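By the count of UniProt numbering, the sequence shown reaches residue 473 at its end, each step adding exactly one. Note that beta-carbon positions come from the ideal geometry of N, C-alpha and C, so glycine has one too. Just so you know, these numbers come straight off a predicted model, no measurement behind them. All remarks here apply to the structure that follows.
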Amino acid sequence: MMACSEEFLNRQPEDALSPGAFYKNQAQVKASLVGCYKVLQSIYNQTDFPLVPELMSDDGKDRFRTDVWQTFKKTNADSRINIWVNNYKMIANVNTLLGVIETYKAKDAAEEKQILAYKSEAMFLRALAYFNLVRIYGDVPLVSKSFTDLNTAFGIGRTPVAEVYSKLIVPDLEFAAANALKKSELKGEEARASKGAALTMLGKVYLTLNNHAKAAEVLKRLVEDNEAGTYALLPNYQDVFSSTNKFHAESIFEVNFNVAAGQPSYWFRWVNNDVGLIWGVSGATNLLVEHNLMREFVNSGESIRYKTTVDSGYIASSTIPIQAWVIKHCPPPAQLKPFNNTGTDNNWVVTRYADALLMYAEALLALGRKEDAAKYVNMVRVRGKVPPITAAGLDLDAILHERRMELAFEGHRYFDLVRTGKAIPVITKALMTPLDYDTNIAISGPISEEQLILPIPVAEIEKDQTLPQNSGY
1 MMACSEEFLN RQPEDALSPG AFYKNQAQVK ASLVGCYKVL QSIYNQTDFP
51 LVPELMSDDG KDRFRTDVWQ TFKKTNADSR INIWVNNYKM IANVNTLLGV
101 IETYKAKDAA EEKQILAYKS EAMFLRALAY FNLVRIYGDV PLVSKSFTDL
151 NTAFGIGRTP VAEVYSKLIV PDLEFAAANA LKKSELKGEE ARASKGAALT
201 MLGKVYLTLN NHAKAAEVLK RLVEDNEAGT YALLPNYQDV FSSTNKFHAE
251 SIFEVNFNVA AGQPSYWFRW VNNDVGLIWG VSGATNLLVE HNLMREFVNS
301 GESIRYKTTV DSGYIASSTI PIQAWVIKHC PPPAQLKPFN NTGTDNNWVV
351 TRYADALLMY AEALLALGRK EDAAKYVNMV RVRGKVPPIT AAGLDLDAIL
401 HERRMELAFE GHRYFDLVRT GKAIPVITKA LMTPLDYDTN IAISGPISEE
451 QLILPIPVAE IEKDQTLPQN SGY
């Protein structure tokens with residue numbers, strides 16, 4: 001302790017930006033941007049953001065199908081405060097950085113281009129954080145500037161969702177789409193947000209707003225015009241999730257994890273399996289696979305995507321035929337033991353080209369362009385080794401099925417159901433239909449619309465009385 005220097009003891013955490021920092025060059029601005037990115041590993045972790053929407057979807061379940069996420073019986077104690085805190089932490093870091101960039105004077109045109117790219121990436125991250133927040137909590141405080149007086153951070157109140165979209169999320173993503181670098185310009189730094197990431201997320205935002213014309217317009221720039229460079233589906237579906245094959249041609253935006261850098265991934269710890277449940281073995285109440293999802297894979301003639309998503313399906317013992325285990329983002333269960341303490345290099349894939357193709361198809365379908373929509377759906381189906389679909393057979397349910405098969409356990413299913421107005425009937429049916437080993441009926445009637453979003457964290461309301469609680473909580 002005596003040997004520690006005062007400089008070491010006074011260091012800021014690597015994911016926090018010091019408002020007193022003195023930014024004199026491009027490298028220092030970039031270092032601040034890294035601090036913004038660092039928070040992504042806290043947002044996308046196995047216990048918070050993707051886990052909760054997966055448990056609330058019809059893809060994932062808790063151990064006994066009885067907890068509040070599964071049954072939609074949340075109270076104001078079930079707010080998952082880390083989702084709120086971590087997304088706002090990234091927003092605060094971005095606001096600090098943008099304040100620095102506003103007064104930064106680039107020394108030449110090359111540096112000016114880089115600073116503009118940093119600004120674009122920061123705005124992408126801020127838009128992503130707010131997109132997460134409004135889909136989880138509804139109306140939230142809108143903050144786009146750093147606070148010079150922390151007392152002014154209270155009393156802002158909650159901004160309507162529509163305003164958060166129109167005043168920040170859409171403008172930030174439009175700016176990023178216009179000014180971010182292409183993925184090909186980020187050699188060795190592909191974890192940064194590219195023009196492709198901005199276009200894809202903007203398309204997802206417009207779909208969420210049911211603005212199919214704008215969604216198609218934006219996604220056309222990505223898919224047909226190649227404005228962000230060339231993306232492509234990998235020939236082998238299994239290769240998409242390999243920890244040794246990051247930032248490939250299909251990757252659009254990933255949260256990077258790296259054991260060697262001291263930032264390991266523990267995504268394999270977010271799942272449990274049915275074997276332990278059936279035998280009565282104790283286990284963590286994490287994510288398990290709903291059997292209605294497994295049945296849909298099988299009934300649809302899926303093999304490649306099923307086996308890449310859910311491990312084995314069957315085991316040798318005839319007594320217990322089902323062993324469902326989510327293997328996306330993690331090694332096969334048989335290889336997990338050596339990684340239990342060290343973690344892995346498996347990234348979290350926020351979005352990829354297959355997601356963009358299916359979103360584009362959905363937008364085109366809504367505009368009456370069924371032949372064009374079928375073309376992009378079939379690009380995804382053919383890669384998954386399933387027969388192509390005809391334009392006549394294509395409707396919204398078919399696209400939602402395709403998204404479920406292709407993107408299972410990648411954090412999209414619940415939001416897909418909510419934005420298309422299908423969450424209540426689809427999830428209610430899944431929870432009230434005994435199937436395979438999911439024999440208990442989890443609920444007695446339709447889930448409440450008010451339960452589709454989480455309550456505002458009580459601790460935040462106690463600090464700021466201008467934050468009213470969501471209805472029903």
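The residue among 289, 215, 182 with its C-alpha nearest the C-alpha of residue 435 is 289.
When C-alpha distances from residue 186 are compared across 213, 114, 165, 132, the shortest belongs to 114. Three or more Cβ pairs closer than 8 Å define a contact, and the segment 372 to 387 falls short of that threshold against the segment 261 to 272. Here residue 74 is buried. Its C-beta has 16 or more other C-beta atoms within 10 Å.
Less than 8 Å divides the Cβ of residue 177 from the Cβ of residue 195.
Restricting attention to 79, 93, 384, 47, the CA atom closest to the CA of residue 136 is found in 79. Our two residues, residue 395 and residue 466, have alpha carbons roughly 43 Å apart in a direct line.
Cβ neighbours of residue 308 within its own chain (closer than 6 Å, five residues either side excluded): 237, 238.
Under the three-state reduction of DSSP output, residue 344 falls in the strand class. Note on the segment 337 to 393: whole beta strand (DSSP E) runs with a minimum of 3 residues are 348 to 352, in chain order. Excluding the 5 residues flanking it on each side, residue 247 has same chain C-beta neighbours closer than 6 Å at 190, in chain order. Counting only the Cα atoms, residue 143 lies some 15 Å from residue 170. At a Cβ-Cβ threshold of 8 Å, residue 32 and residue 86 do not count as neighbours. If you draw a straight line from the Cα of residue 69 to the Cα of residue 204, it comes to about 24 Å.
The three-state reading of DSSP puts residue 66 in coil, since its state is none of H, G, I, E or B. DSSP places residue 100 inside the alpha helix (DSSP H), whose first and last residues are 81 to 103. Minimum Cα-Cα distance from residue 160 among the listed residues 117, 140, 444 corresponds to 140.
Counting of Cβ neighbours within 10 angstroms places residue 462 among the exposed residues, the total staying below 16. Rounded to the nearest angstrom, the Cβ distance from residue 93 to residue 36 is 5 Å, consistent with a contact under 8 Å.
Straight-line measurement puts the Cα of residue 419 at about 14 Å from the Cα of residue 366. Excluding the 5 residues flanking it on each side, residue 327 has same chain C-beta neighbours closer than 6 Å at 311, in chain order.
Per the C-alpha coordinates, the member of 25, 412, 444 positioned closest to residue 106 is 25.
With a threshold of 16 other beta carbon atoms within 10 Å, residue 61 meets it and is buried. Per the Cβ contact rule, the segment 121 to 130 is not in contact with the segment 147 to 156 (fewer than 3 Cβ pairs under 8 Å). Spanning the alpha carbons of residue 44 and residue 38 requires a straight line of approximately 11 Å. Closest option to residue 266, judged by alpha-carbon separation, among 336, 407, 440: 336.
Secondary structure of residue 258 (DSSP, three-state): strand. Here the alpha carbon of residue 259 sits roughly 15 Å from the alpha carbon of residue 245.
Secondary structure at residue 167: helix, using DSSP grouped into helix, strand and coil.
Sixteen is the threshold: when 16 or more other Cβ atoms of the shown chains lie within 10 Å of the Cβ of residue 344, as they do, the residue is buried. In the structure shown, residue 196 falls within a helical segment according to DSSP collapsed to helix, strand and coil. Approximately 6 Å separates the beta-carbon atoms of residue 233 and residue 250; this is inside 8 Å, confirming the contact. Taking the CA atoms as reference points, residue 299 sits about 13 Å from residue 404. Taking C-alpha positions only, residue 261 is separated from residue 255 by approximately 14 Å.
In the structure shown, the three-state DSSP call for residue 397 is helix. Check the Cα spacing between residue 162 and each of 138, 175, 182, 148: the tightest is with 138.
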